[in-house]
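Q: Protein chains in written order, with UniProt numbering: chain Y, 1 to 441; chain X, 1 to 275.
All C-beta atoms in this analysis are idealised placements derived from N, C-alpha and C, irrespective of residue type, glycine included.
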């Protein structure tokens, strides 16, 4: 009996080893075909004219791809297949696939958020296809170029502007004795004062904050032309950073003024302004769809430039989020890059469609004008919000988001709470700096 | 005193019951409300159920996702029970010097988090794909193959096998049954409760599995329910009412499986604890 088991085991081992051996051989062959590809295996050949694209919002960037497909007038044979994936799922899939070097099932075009772009470009140097030759880099908003390029090559085709604005309830302002003009180009201190008056007059808070989401901090930092990192994108720049100090102080002033509704997730955040519980929403322009979803508030809203910090280099313009298109370095890359160049990269009329159909503000400067931009929005009391947002887009300070924006976010979220609990600011930023240095080494 | 204790027990149990049932209640209620009402935290049933369902069926292919999830869950449960019970039976019934050492090694593998073997595993499937696309990347088979035999289920069956009367095996041998015959004709029917308990766990694990199907299944036609729900929440202005109705639909199968097999489940779990 025992002998039989041993024999069975031996046979099993031989079979497994043989199978492994086969796999190795095949791997080597594909590797030898194209030395530049290294270990990355080619995707199985489908229909040669098919290109696939991944994006995450059916009402926004997926719709944009559909419009691009309609607008495309280059090589007529290109068939675009659009696949919807949640943003976190795209990140997970790309990371798994690129780090294992198995490219099957990967798309040709993928949408990546600008904050994460450098981590992909730097971690997987050969995985993306440079599109420098397919677009004119100078045609795009300056601040989008830094996060989407690496070593002088342009990898990302800048898509939506995350240009930030202060959405504000005009009826609440009036009740507190203010007009929209009073909140144009103000500072954060003035914002807090107005917030207090509104709370006194209407009983409503000024804004919501989620302690785990540092969107507001990122808006403030970029508005002063600074970021968590030095210009190299990897050295943490947290202590001795005047902009970050001013940001932390402004944040604390807001949090301590008793004008904040605390929320813990996205649905509460949206619920608060849909419900009329807060007077303003300082965030990216992509929130427009959620604000206008509550039709009963039509005519009660306006959008003004962000309040600014009191520090050198401070502006009223900033950005939150925003993403760009990337081409993966696999079969069909030329077609995919040509498709992007033909649509998002050069078609001005297409950008008009983007505005009219989905309200998406691009970052292709020649496309930022025309009738669609003059449209008056009834919901915002007849304000030309698209024209305003596009004008602000041009003024956003360019910063390098680096590789680890979200890692620093986690550190700062904890340290800022300490700051609110009366830990001295200097210690807060010093501790954040040393944590960042240890973690990212 | 006795009465007081009783009241206390019931109060405690009621609180525990409310805490565990409330999320389900809110899920079902929310699936009948508009997105705006869900974000406001409305606790009363609304009138948007039909609208939410219509939107859901219009926007995504939920039938495909449900059937994919069913195929994966059923195949996965079947193969898990078959392999794990064979292994558990073998470990308990046959003598070998190496048996316990091998088993300990197997148990150690329970400590490896899945995320750490995911990349090599993906690479492996990437290698298989060109020669055997049916079990390669983007195939339903690949979505459950790596989780078919886990140390947990082998352990579960071995523990329960300890209670199995060995005399039955002797009797089977005397009557001339083969070893496999003993397993299929004597062991399997007597261990029904253990199989039921394992089936519930395996089915739920597979039904709710997210990470591995996420990376291995890429085309929309291969999507499972958890992937579909994840997609629904990805937009900048999510329709929470619709998402809640999708989640409600996706909970139904596990609930049905659980309630149908509940009696056996409790018995099976008790067995594994006693053993």
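Would residue 196 of chain X pass as a contact of residue 265 of chain X if the rule is Cβ separation under 8 Å?
A: Locating residue 196 of chain X in the second chain gives position 196, where the first residue counts as 1. Locating residue 265 of chain X in the second chain gives position 265, where the first residue counts as 1. Yes, they are a contact pair.
Q: Counting contacts by CB-CB distance shorter than 8 Å, is residue 254 of chain X in contact with chain Y?
A: The residue given as residue 254 of chain X occupies position 254 in the second chain. Taking Cβ atoms only, chain Y never reaches closer than 8 Å to residue 254 of chain X, which makes this a no.
Q: Kindly list, in the order they appear in chain Y, the residues whose Cβ is closer than 7 Å to that of residue 220 of chain X.
A: Here residue 220 of chain X refers to the residue found at position 220 when the second chain is read from its first residue. Chain Y residues near residue 220 of chain X: 83.
Q: Taking only the alpha-carbon atoms, compute the straight-line gap between residue 503 of chain Y and residue 154 of chain Y and give it to the nearest angstrom.
A: One cannot answer for residue 503 of chain Y here, as it falls past the ends of chain Y, which runs 1 to 441.
Q: Answer yes if the segment 296-303 of chain Y comes into contact with the segment 375-382 of chain Y, meaning at least three C-beta pairs across the two stretches below 8 Å, and no otherwise.
A: For the pair of segments examined, the segment 375-382 of chain Y was found to touch the segment 296-303 of chain Y: the number of CB pairs separated by less than 8 Å reaches three.
Q: If you reduce the DSSP assignment to three classes, tell me which class residue 15 of chain X lands in.
A: As a working mapping, residue 15 of chain X is identified with position 15 in the second chain. Taken through DSSP and simplified to helix, strand or coil, residue 15 of chain X comes out as helix.
Q: Taking the alpha-carbon positions, what's the residue 89 of chain Y to residue 65 of chain Y distance?
A: By one-based count along the first chain, residue 89 of chain Y stands at place 89. By one-based count along the first chain, residue 65 of chain Y stands at place 65. About 19 Å.
Q: From which residue to which residue does the alpha helix (DSSP H) around residue 217 of chain X run?
A: As a position in the second chain, residue 217 of chain X is number 217, starting the count at 1. Residue 217 of chain X -> no alpha helix (DSSP H), and no H or E assigned at all.
Q: What does the Cβ neighbour count give for residue 80 of chain X, buried or exposed, with the cut at 16 atoms within 10 Å?
A: Residue 80 of chain X sits at position 80 when you count from the first residue of the second chain. Label assigned to residue 80 of chain X: buried.
Q: Counting only beta-carbon atoms, is residue 58 of chain Y nearer than 8 Å to chain X?
A: Your numbering for residue 58 of chain Y matches position 58 in the first chain. It does; some Cβ of chain X falls within 8 Å.
Q: Residues of chain Y with CB under 7 Å from residue 234 of chain X, in chain order?
A: Indexing the second chain from 1 puts residue 234 of chain X at position 234. The contacting residues are 56, 57, 86, 87.
Q: Taking 7 Å as the cut-off, does the CB of residue 359 of chain Y come closer than this to any heavy atom belonging to the ligand GTP?
A: With respect to the ligand GTP, the structure offers nothing, as it holds no ligand at all.
Q: Since residue 55 of chain Y is in the beta strand (DSSP E), which residue starts that stretch and which ends it?
A: Here residue 55 of chain Y is taken as the residue at index 55 of the first chain, counted from 1. Looking at the DSSP string, the run of the beta strand (DSSP E) that includes residue 55 of chain Y is 50-55.
Q: With a CB to CB cut of under 6 Å and the five nearest residues on each side skipped, what residues in its chain are close to residue 439 of chain Y?
A: One-based indexing of the first chain puts residue 439 of chain Y at position 439. Once the five neighbours on either side are set aside, residue 439 of chain Y has no close Cβ partner at all.
Q: Can you give the Cα-Cα distance for residue 179 of chain X and residue 160 of chain X, rounded to whole angstroms?
A: One-based indexing of the second chain puts residue 179 of chain X at position 179. One-based indexing of the second chain puts residue 160 of chain X at position 160. Approximately 19 Å between the Cα atoms of the pair.
Q: Can you list the residues of chain X that residue 275 of chain Y reaches, using a CB-CB cut of under 7 Å?
A: Within the first chain, numbered from 1, the residue matching residue 275 of chain Y stands at position 275. Among the residues of chain X, those whose CB is under 7 Å from the CB of residue 275 of chain Y are 40, following chain order.
Q: Our contact map puts residue 87 of chain X next to residue 154 of chain X with C-beta atoms below 8 Å; I'd like the distance itself, whole angstroms only.
A: Indexing the second chain from 1 puts residue 87 of chain X at position 87. Indexing the second chain from 1 puts residue 154 of chain X at position 154. The pair is a contact, with the Cβ atoms about 5 Å apart (cut-off 8 Å).
Q: In angstroms with no decimal places, state the Cα-to-Cα distance between residue 425 of chain Y and residue 330 of chain Y.
A: Position 425 of the first chain, counted from the first residue, corresponds to residue 425 of chain Y. Position 330 of the first chain, counted from the first residue, corresponds to residue 330 of chain Y. Near 49 Å, if we compare the C-alpha coordinates of residue 330 of chain Y and residue 425 of chain Y.
Q: From the DSSP output, read off the bridge partner residues of residue 84 of chain Y.
A: For the purposes of this step, residue 84 of chain Y is taken as residue 84 along the first chain, with counting starting at 1. Bridge partners of residue 84 of chain Y: Y/55.
Q: Compare the Cα-Cα distances from residue 48 of chain X to each of X/224, X/9, X/35 and report the closest residue.
A: The residue you call residue 48 of chain X lines up with position 48 of the second chain. Checked all of X/224, X/9, X/35; the closest Cα to residue 48 of chain X is X/35.
Q: Closer than 7 Å, Cβ to Cβ, to anything on chain X: give me those residues from the segment 343-366 of chain Y, in chain order.
A: none
Q: Which residues of chain X have a Cβ atom closer than 7 Å to the Cβ of residue 294 of chain Y, listed in chain order?
A: The count along the first chain starts at 1 and reaches residue 294 of chain Y at position 294. Simply 36.
Q: Report the residue ranges of all alpha helix (DSSP H) runs contained in full by the segment 101-157 of chain Y; include only those spanning at least 4 residues, in chain order.
A: 114-123, 142-148
Q: Please report how far the alpha carbon of residue 266 of chain Y lies from the alpha carbon of residue 165 of chain X, in whole angstroms.
A: Within the first chain, numbered from 1, the residue matching residue 266 of chain Y stands at position 266. Within the second chain, numbered from 1, the residue matching residue 165 of chain X stands at position 165. Residue 266 of chain Y and residue 165 of chain X have their alpha carbons spaced roughly 56 Å apart.
Q: Name the chain Y residues whose beta carbon is nearer than 8 Å to that of residue 58 of chain X?
A: On the second chain, position 58 is the one that residue 58 of chain X refers to. Result: empty, since nearest Cβ-Cβ is about 11 Å, beyond 8 Å.
Q: Cβ closer than 8 Å: which chain X residues qualify as neighbours of residue 164 of chain Y?
A: Residue mapping note: residue 164 of chain Y aligns to position 164 of the first chain, counting from 1. Those within 8 Å of residue 164 of chain Y in chain X number zero; the least Cβ separation is about 14 Å.
Q: Residues of chain Y with CB under 8 Å from residue 62 of chain X, in chain order?
A: Residue 62 of chain X sits at position 62 when you count from the first residue of the second chain. Near residue 62 of chain X there are no residues of chain Y at all, since even the closest Cβ is about 13 Å away, more than 8 Å.
Q: Please report how far the alpha carbon of residue 23 of chain Y lies from the alpha carbon of residue 101 of chain Y, in whole angstroms.
A: Position 23 of the first chain, counted from the first residue, corresponds to residue 23 of chain Y. Position 101 of the first chain, counted from the first residue, corresponds to residue 101 of chain Y. Only weak support is given to the placement of residue 23 of chain Y: the predicted model assigns it a pLDDT of 37, under 50, and the value that follows is read from those uncertain coordinates. C-alpha separation (whole angstroms): 14 Å.
Q: Are the beta-carbon atoms of residue 138 of chain X and residue 223 of chain X separated by less than 8 Å?
A: Within the second chain, numbered from 1, the residue matching residue 138 of chain X stands at position 138. Within the second chain, numbered from 1, the residue matching residue 223 of chain X stands at position 223. Result no, Cβ atoms of residue 138 of chain X and residue 223 of chain X do not sit closer than 8 Å.
Q: Would you mind giving the Cβ-Cβ distance between residue 393 of chain Y and residue 71 of chain Y, rounded to the nearest angstrom? I have them listed as a contact below 8 Å.
A: Translated into the one-based positions of the first chain, residue 393 of chain Y becomes position 393. Translated into the one-based positions of the first chain, residue 71 of chain Y becomes position 71. That belief does not hold up - the Cβ atoms of residue 393 of chain Y and residue 71 of chain Y are roughly 21 Å apart, past 8 Å.
Q: May I ask you to report which of helix, strand or coil DSSP gives residue 43 of chain Y?
A: As a working note, residue 43 of chain Y is residue 43 in the first chain. Because residue 43 of chain Y sits at a pLDDT of 44, beneath the cut-off of 50, its placement in the model cannot be relied upon, and the point is left open.
Q: Indicate whether at least one CB of chain X lies closer than 8 Å to the CB of residue 268 of chain Y.
A: Here the question's residue 268 of chain Y lines up with position 268 in the first chain. Closer than 8 Å to some Cβ of chain X, the Cβ of residue 268 of chain Y qualifies, so yes.
Q: How many Å lie between residue 31 of chain X and residue 287 of chain Y at the Cα?
A: What you label residue 31 of chain X is simply residue 31 of the second chain in a count that begins at 1. What you label residue 287 of chain Y is simply residue 287 of the first chain in a count that begins at 1. A straight-line Cα-Cα distance of about 23 Å links residue 31 of chain X and residue 287 of chain Y.
Q: Flag this pair as yes or no: are the beta carbons of residue 58 of chain Y and residue 84 of chain Y separated by less than 8 Å?
A: Residue 58 of chain Y sits at position 58 when you count from the first residue of the first chain. Residue 84 of chain Y sits at position 84 when you count from the first residue of the first chain. In contact: residue 58 of chain Y and residue 84 of chain Y (Cβ atoms closer than 8 Å).
Q: Which residues in the same chain as residue 245 of chain X place their Cβ atom closer than 6 Å to its Cβ, once the five residues preceding and following it in sequence are excluded?
A: In the second chain, counting from the first residue as 1, residue 245 of chain X sits at position 245. Closer than 6 Å at Cβ, skipping near neighbours: 31, 52, 53, 56.
Q: Starting from the C-beta of residue 423 of chain Y, find all residues in its chain whose C-beta is less than 7 Å away, skip the five residues before and the five after it, and write them out in chain order.
A: Along the first chain, read from residue 1 onward, the residue named residue 423 of chain Y stands at position 423. If we look at residue 423 of chain Y and ignore the five residues flanking it on each side, it has no Cβ neighbours.
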